[in-house]
Amino acid sequence: MILDVAYIFIAGATIAYMAHLIKGTPLLGRLGSGLSFAALSFLTIGLTIRTVEAGHWPLSNSYEFSLAFVWSILLMYLILERWMGIRGPGAFVLPIALLIVTYAEVLAPEWTRVARPLLPALKTTWLQLHVTTAAVAYGAFAVSCGAGMMYLVRETVPHLPENFLSSTVIDEFNFRALALGYPWMTLVLITGAIWAQIAWGSYWSWDIKETWTLATWLLYTLLFHLRAIRGWRGKPIASLSILGFLFVLFTFLGSGWLARHVALQSLHLY
Amino acid sequence: MAGSGKSIGKTGNLPRKAWRTICSIRLTVILLSAILLIFLLGTLFPQLTWEIATDETAHAQWVAAVQERYGGFSDVYRTVGLFSVYSSPLSMLLLLALLINGIACTVDRLGPIWRAITAKPSAARPDSFYMKAANHTSLKVTSREEARKRVTSLLSRHRYRLLIEEREGVTYIGGHRNRLARMGTLITHSALVLIALGTVWSSLCAWREPAVLLGPGQLHDVGHGHHFQVRHEGFEVERYADGQPKDYRSHLVVLEEGLEVLRKTVRLNDPLTYQGVSFYLSSSGPALRMLGWDSGGQPLPMQSSPDEQAATGEVVLNFSAECDEKSLYLPSLDIRLRVILYNQSMPEQASGESFLFVEAFQAGQDEPLFSDYVYQGEKVQLSTASLQFITDYYSVLQVVSDPGFVPVVMASFLGMGGLLISFYFHPNRVWVKLTDGGLLLAGSAQRNRVKFEADFAKLVEELEEKLR
Chain A
1 MILDVAYIFI AGATIAYMAH LIKGTPLLGR LGSGLSFAAL SFLTIGLTIR
51 TVEAGHWPLS NSYEFSLAFV WSILLMYLIL ERWMGIRGPG AFVLPIALLI
101 VTYAEVLAPE WTRVARPLLP ALKTTWLQLH VTTAAVAYGA FAVSCGAGMM
151 YLVRETVPHL PENFLSSTVI DEFNFRALAL GYPWMTLVLI TGAIWAQIAW
201 GSYWSWDIKE TWTLATWLLY TLLFHLRAIR GWRGKPIASL SILGFLFVLF
251 TFLGSGWLAR HVALQSLHLY
Chain B
1001 MAGSGKSIGK TGNLPRKAWR TICSIRLTVI LLSAILLIFL LGTLFPQLTW
1051 EIATDETAHA QWVAAVQERY GGFSDVYRTV GLFSVYSSPL SMLLLLALLI
1101 NGIACTVDRL GPIWRAITAK PSAARPDSFY MKAANHTSLK VTSREEARKR
1151 VTSLLSRHRY RLLIEEREGV TYIGGHRNRL ARMGTLITHS ALVLIALGTV
1201 WSSLCAWREP AVLLGPGQLH DVGHGHHFQV RHEGFEVERY ADGQPKDYRS
1251 HLVVLEEGLE VLRKTVRLND PLTYQGVSFY LSSSGPALRM LGWDSGGQPL
1301 PMQSSPDEQA ATGEVVLNFS AECDEKSLYL PSLDIRLRVI LYNQSMPEQA
1351 SGESFLFVEA FQAGQDEPLF SDYVYQGEKV QLSTASLQFI TDYYSVLQVV
1401 SDPGFVPVVM ASFLGMGGLL ISFYFHPNRV WVKLTDGGLL LAGSAQRNRV
1451 KFEADFAKLV EELEEKLR
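Same order as they appear, the protein sequences are chains A and B. Residues in the first sequence are numbered from 1 upward in steps of one, following the working numbering. Residues in the second sequence are numbered from 1001 upward in steps of one, following the working numbering.
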């Protein structure tokens, strides 16, 4: 019920931010922020209740992670919105949160929605550290993807509303989202390696999920290096921000499929 | 001569050009892109990792699965290296090139960064400098002395370290903050080099025994230059109310020269480590403890194969998923037993009552001496001996020593520190020229210039407020 309310708030915030972008009415922007904050609050309550019910942090399956992911997108976005004092990117970021919460509510396997006790393999503090860092990094990269899309719209679509943010501001917003996400993504690799060593005696096994996480990190590393080359800022960085988030989504949702159909086995399949 | 001189000049430039190429970010981008593509290619084919290659059973399963999936192409794919992408010469070459690129880039930037950090900042700048600066402004002041106090107080509050020079009735103030932040990238690059060295150390010095099966009471000699043993003292499963496993526990004891030196209950995610060797609980399976006595109640010699030294009174048989049948020999009675384990609940299943099928053959006889089902714990009379079968579990331990792990983790955290410095601490500089009539202020940022623009605007706003 609480999560359903959060879902409605996210949908409402998406509409409000889009209307704010088109009409330029500050009130609509503030409404978007308010609804996002309300959604974040309801998600926090929902996730806390689930933590109490299950006896562990809600990070043990795709449904729970999706909710943590959306929670992180909202938190990262609201931090950046406050930090930069702009609301325009919400029209591009909130739809991503809406898509992921829709996946959680509609497409996630039914059994994952029931709070269950942890499997013995997942009983460790490293689960919380590793998966929480992933949720935070993914959230920041989702915000970066939204900013990337906004940048490309700014650069390619003629006759935009007057209040549409300038390329420089969008690029700066994107950079701040990336600068938030990248250290957390690095922590995902570090905490994952430590957990793998403690669990399996091997800090790196070339497991498909590990490899895709490393590939995602490499892609963002590539982005930062490219940004340092004159003439490569702007569209290439915006495009890579979108591609990077597609890598994130694939690591989250697609690598399990790849592990089952290609690798024949994976340490990350439970 | 001129032509010759030009030629010498070009030749002289070659090493410099080569060095610039090795250090270049463009090369980093090319190498990162190539490595990224290779890594992704590796996820499209089942990889024969070291863990699989060193585990006989896992390797056999892998080969069978690959043959089934790719048929005749499997040999072709194997030949071109699609099943060993991550250890292929191309991958190694690209990683090595990236490592060299990283080292070269770090070395190349060390000098300029060191000079920038250690150079004594000069505060005095000509007026033209202020006009050309990316961020600059001019303000009116009524009293130079008062303005100096207020400007220095404001800049100090903004965490600028200040240098003040007085020259011919003019006050010059130079300020810098986060000067050491220039080291961020160097720290990150150095950490990546250390991580690479750690992984090389791992690959040279680490060893692993992927599956050591230890039944109740069984011993494992660690070897690899270590002089201690590990004894398995039992395995247990704790379950939730619905029968799902809650915890797997293996009780291990470390022995040196027969004496107990350490005792630990090992769980998933909680290994036992002694002298740098770690014992990980990776799985478990059904085991059978068989106890035997002769007619006088004395322990009976038993062996699980004719070549083995006979154990007295008790023998442990470890059953695997593939093999639920075992043989046992009673040398003193010249009897061979065939034991099939039924319904022994696996640790991941809810418990059920287990029983065995036991057949005993006297040497040279085809007809069994005994053939019947036996419940666990039940005693059986066989010729002059009595036997008791007790079902139990063995633990499968992974025994690993990897001296590269700790350095890799430490280097990773060092790299993390470098990243945080790079992203969140930007070297900034400001210059102020104060005369009796006015003030010139200029500022520059080495990175993140957009953010500095906002910071500079805020600084100007606060300065205007203070000087009003």
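The C-beta atom is built at its ideal place from N, Cα and C for all residues, glycine as well. Bear in mind that the values here come from a model prediction, so they are computed numbers and not experimental data.
Cβ-based neighbour list, R154/A, same chain, cut-off 8 Å, excluding 5 preceding and 5 following: L160, F164, L165, S166, S167 and I170
Chain B contact residues for Q275/A, given Cβ-Cβ distances below 7 Å: A question about residue 275/A goes unanswered here, because the residues of chain A that appear run from 1 up to 270.
Near-chain A residues of the region 1043-1055 of chain B - C-beta to any C-beta below 9 Å: T1043, L1044, F1045, P1046, Q1047, T1049, W1050, E1051 and I1052
Residues near I10/A by beta carbon distance below 8 Å, same chain, minus five either side: L35, S36, A39, V70, L74, L94, A97, L98 and V101
Three-way DSSP call (helix, strand, coil) for A134/A in this model: helix
Ranges of the alpha helix (DSSP H) found wholly within the region 1158-1229 of chain B, counting only runs of at least 4: 1183-1205
Same chain, Cβ closer than 7 Å to N1101/B, five either side skipped, listed in chain order: I1022, L1027, T1028 and L1031
Cutoff 9 Å: Y7/A Cβ touching any chain B Cβ: no
Simplified DSSP assignment, three categories, for L1428/B: The question names Leu, but residue 1428/B is Asn in the sequence shown. DSSP places N1428/B in strand when its eight states are reduced to three.
Continuous alpha helix (DSSP H) stretch holding D276/A: start and end: Past the boundaries of the shown model lies residue 276/A; chain A is included only from 1 to 270, so the question cannot be answered.
Nearest-angstrom Cα separation, counted from P26/A out to Y17/A: 10 Å
Segment contact flag, the region 1104-1121 of chain B with the region 1402-1421 of chain B, C-beta cutoff 8 Å, min 3 pairs: no
Chain B residues whose Cβ lies nearer than 7 Å to that of A228/A: I1025
Stretch pair the region 1184-1201 of chain B + the region 1163-1175 of chain B: three plus CB contacts closer than 8 Å: no
Span of the alpha helix (DSSP H) around I1030/B: I1025 to G1042
Rounded C-alpha distance that separates G1005/B from R1429/B: Low confidence applies to G1005/B: its pLDDT is 42, below 50, so where it sits in the model is not reliable, and the reading given next is rough at best. Approximately 43 Å, taken between the alpha carbons.
Amino acids of chain B, ordered along the chain, whose beta-carbon sits closer than 7 Å to that of Y203/A: F1405 and V1408
K123/A at chain B interface by Cβ criterion, 9 Å: yes
9 Å Cβ cutoff, I15/A in contact with chain B: no
Where S1004/B falls: helix, strand or coil (DSSP): With a pLDDT of only 41 at S1004/B, under 50, the local geometry of the prediction cannot be trusted, and the value read off the model is given with reservation. S1004/B: helix per DSSP, three-state reduction.
When Q1275/B, H1226/B, Q1298/B and G1443/B are compared against S1386/B, the one with the closest alpha-carbon: Q1298/B
Rounded straight-line distance, which links the Cα of V1339/B to that of G1377/B: 14 Å
Cβ neighbours of I1008/B in the same chain (closer than 6 Å, five flanking residues each side left out): Because I1008/B carries a pLDDT of 47, less than 50, the predicted location of this residue cannot be relied on, and no value is offered for it.
Residue interval of the alpha helix (DSSP H) (run including F224/A): I208 to R227
Validate contact between the region 103-119 of chain A and the region 135-154 of chain A using beta carbons, cut 8 Å, 3 pairs: no
Chain A contact for L1036/B (CB, 9 Å cutoff): yes
Nearest residue (CA-CA) to L187/A, options A177/A, W217/A, F175/A and W212/A: W217/A
Distance, L1163/B Cα to K1120/B Cα: 9 Å
Under 9 Å by beta carbon: chain A residues contacting Q1398/B: W200, G201 and S202
Closest by C-alpha distance to Y1248/B, when choosing among F1235/B, G1292/B and V1254/B: F1235/B
Against chain A: residues of the region 1263-1282 of chain B by CB proximity under 8 Å: R1267, L1268, N1269, D1270, P1271, S1278, Y1280 and S1282
Unbroken alpha helix (DSSP H) run spanning A1241/B, endpoints: Premise fails: A1241/B is in no alpha helix (DSSP H) and is neither H nor E.
The beta strand (DSSP E) enclosing S1283/B, as first and last residue numbers: V1277 to W1293
Near-chain A residues of the region 1230-1248 of chain B - C-beta to any C-beta below 8 Å: Y1240, Q1244, P1245, K1246, D1247 and Y1248
Short CB-CB distance (under 9 Å) between A179/A and chain B: yes
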